[in-house]
Structures are given as structure tokens and as C-alpha cells.
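Under the UniProt record's numbering, think of the first position of the sequence shown as 1, with each following residue one higher.
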Amino acid sequence: MESEPWTIETIRDALGSPTLASRFIGEINRAPAHEVLAVFARWQGVAERALAAAERAEALAAADDRGEELSGVDRTDEVLAAAERIRARRGAA
1 MESEPWTIET IRDALGSPTL ASRFIGEINR APAHEVLAVF ARWQGVAERA LAAAERAEAL
61 AAADDRGEEL SGVDRTDEVL AAAERIRARR GAA
């Protein structure tokens with residue numbers, strides 16, 4: 001996407017989710033003229049992050065297919081902390 005300018009169509013397509021695309025189209029269509037560029041810029045950022053995440057996911061999938069260790073994917077500590085918070089809330093109820 002770096003070589004071509006962003007358009008409403010390319011943002012919509014890059015979002016990768018019909019729900020997000022519909023939300024974007026609705027917001028851009030309802031935006032007053034003086035807010036259109038700000039709405040466009042905000043959604044362009046969302047689209048850029050979505051594309052970057054998709055590229056990262058593809059790279060991780062390729063590495064996994066090759067049997068490589070997936071760096072930056074270990075979420076064990078986060079999952080354990082979330083589980084502990086849930087258990088604590090259940091115990092307090």
C-alpha cells in the first residue's frame with residue numbers, strides 16, 4: 001500500500017472485516033465536510049494497523065509451517081494473570 005495513495009475503497013478493502021468496512025463507510029458518509037479528512041485519516045490508521053497485523057500473522061504462519069519457534073507469541077503470563085483475576089472475582093462473589 002505504500003506505493004499507491006489511500007482511497008476510500010482501499011481503506012475499506014484493507015480493513016478485512018465486513019463489519020469494520022461498513023462502519024467506516026457509514027462514518028465517512030455521515031461526516032460533515034469539515035470532518036471528512038479527520039475521519040479518513042483515523043480510518044487510514046486503522047487500515048494500516050490491520051494490514052500490518054495481517055502481514056505479521058502471515059509471517060508467523062509461514063514460520064510455524066517451517067517448524068520455527070514463533071518469537072513474540074508467548075502470552076502465557078497474560079493468560080495466567082487473566083485467569084487469576086477471574087478466579088479472584090469468582091471467589092469474591
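Glycine included, every Cβ here is placed at the ideal spot set by N, Cα and C.
Keep in mind it's a predicted model, so treat the numbers as computed, not measured.
Check                                                                                        : Outcome
Inter-residue CB distance, V39 and E27 (contact presumed, cutoff 8 Å)                        : 5 Å
Between the CA atoms of D74 and G91 - distance to the nearest angstrom                       : 28 Å
N- and C-terminal bounds of the alpha helix (DSSP H) containing L15                          : 8 to 15
Cβ contact check for the segment 47 to 64 and the segment 5 to 17: 3 or more pairs under 8 Å : yes
Helix, strand or coil at A47 according to DSSP, with G and I counted as helix                : helix
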